[in-house]
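What follows is a set of notes on a single structure, which appears directly below.
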Amino acid sequence: MQSLFGASLSALPDIDGDGLDELVVGATDISGAYIFKGSQLRAGGSYSHERAFTKIELPFDPENPNPHIGFSTTSLGDLDGDGRGELAVGAPGWAPSERGSVALFRGSDLADGGVMAVTSADVMVLGDVPTADVGRSITSPGDLDGDGFDDLLVGSYRLAAGEITSEDDQVAFFSGRGLLAESVDVWLSSADSIIRGAPQVGGAFGKSLAGLGDVDGDGRDDFAIAAPRPAPPRPAPPEDQQHG
Ligand SMILES: [Ca+2]
Ligand SMILES: [Ca+2]
Ligand SMILES: [Ca+2]
Ligand SMILES: [Ca+2]
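Position in the sequence shown (first residue = 1) + 116 = this note's numbering.
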């Protein structure tokens, strides 16, 4: 799971009201998510994580040295009605449940700058099923259920060899409307729905997630899930059926 500064990248809708969107950079080697304001980037130059306006980190814990905060990041539209978008940060190596997590921050809380602990998130999505590494992938695919609020997809998959079950590779759907309503942590199993991949070691169902907009014209946004598993060996076709 090694990745350096830039393990994930997301645009974040303008949180400081200057009309410029912001940039979120995930850095799993130093385990953090770093927000650079659009106004910083407009000025040019080069930036390390130390120059980020807002830093989402976790104090080093020798018992959990690799929380992998920032392995994935995604912005969501405004869920709490204050006109600013929100941010989700995946930490697949950290959670009280030790099964990974996703931290959800209100955009308004990120606008003051400085260092924020990932544990100060408004809501944490925590793994509670026999799967590993919740939050390896996340995306906001737009509004899937048509309630006017962006929704959240949380992917978790296991790459380790050994016995694997259908719960090892799954994508959880959370309707955005209620996510920030009570500011309480939610378990993955309480997702509004869960899509499971066919169990296969190294299958990585959910490694990539993408919102597509409304491709079939039914008024609700659509999405795609990739499972970049190794293809099984294919027998050579008979000579008289070969395709050009
Ligand atoms: Ca801005
Ligand atoms: Ca908001
Ligand atoms: Ca929705
Ligand atoms: Ca649709």
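Quick reminder that beta carbons are idealized off the backbone N, C-alpha and C, glycines included.
CB of residue i to nearest heavy atom of ligand 1: below 7 Å?
i: ASP198; result: no
i: LYS171; result: no
i: GLY186; result: no
i: GLU202; result: no
i: ASP132; result: yes
i: ASP225; result: no
i: LEU136; result: yes
Using 7 Å as the cut-off, classify the Cβ of residue i as near or not near the heavy atoms of ligand 3, replying yes or no.
i: ARG215; result: no
i: ASP334; result: no
i: ASP267; result: yes
i: ASP244; result: no
i: ASP263; result: yes
Inspect the beta-carbon positions of residue i and residue j and report whether they are closer than 8 Å.
i: GLY258; j: ASP337; result: yes
i: TYR150; j: ALA143; result: yes
i: ASP196; j: LEU296; result: yes
i: PHE221; j: ALA237; result: yes
i: SER272; j: GLY292; result: no
i: LEU269; j: LEU325; result: yes
i: LEU120; j: ASP145; result: yes
i: VAL241; j: LEU304; result: yes
i: ASP263; j: PHE289; result: no
i: GLU138; j: GLY154; result: yes
i: GLY322; j: ILE341; result: yes
i: GLY135; j: LYS171; result: no
i: GLY186; j: GLY216; result: no
Do residue i and ligand 2 come close, with the Cβ less than 7 Å from some heavy atom?
i: SER191; result: no
i: ARG293; result: no
i: ARG274; result: no
i: LEU139; result: no
i: ASP85; result: Residue 85 lies beyond the residue range present for the chain, which begins at 117 and ends at 360; the question has no answer from this structure.
i: ARG222; result: yes
Would DSSP call residue i helix, strand or coil?
i: VAL234; result: helix
i: GLU355; result: helix
i: SER256; result: coil
i: LEU120; result: coil
i: GLY243; result: coil
i: GLY85; result: This structure leaves residue 85 out entirely; the chain is present only between 117 and 360.
i: GLY360; result: At GLY360 the pLDDT is 47, less than 50, meaning the model places this residue with poor confidence and gives no usable figure here.
Starting from residue i and walking both ways along the beta strand (DSSP E), at which residues does that stretch end?
i: GLY229; result: Unbroken run through GLY229: none, as it is neither H nor E.
i: ALA219; result: 217-221
i: GLU214; result: Neither: GLU214 is in no beta strand (DSSP E) and is coded neither H nor E.
i: GLY206; result: 202-207
For residue i, verify whether its CB is less than 7 Å away from any heavy atom of ligand 4.
i: ASP259; result: no
i: ASP285; result: no
i: ASP301; result: no
Less than 7 Å separating the Cβ of residue i from some heavy atom of ligand 5?
i: GLY154; result: Ligands displayed in this structure: ligand 1, ligand 2, ligand 3 and ligand 4; ligand 5 is not among them.
Entirely within the region 122-162 and at least 4 residues each: give me those alpha helix (DSSP H) ranges in chain order. 154-158
Ranges of the beta strand (DSSP E) found wholly within the region 165-200, counting only runs of at least 3: 170-173, 188-192
At 4 residues or longer, and completely inside the region 268-348: list those alpha helix (DSSP H) runs for me, N to C. 292-295
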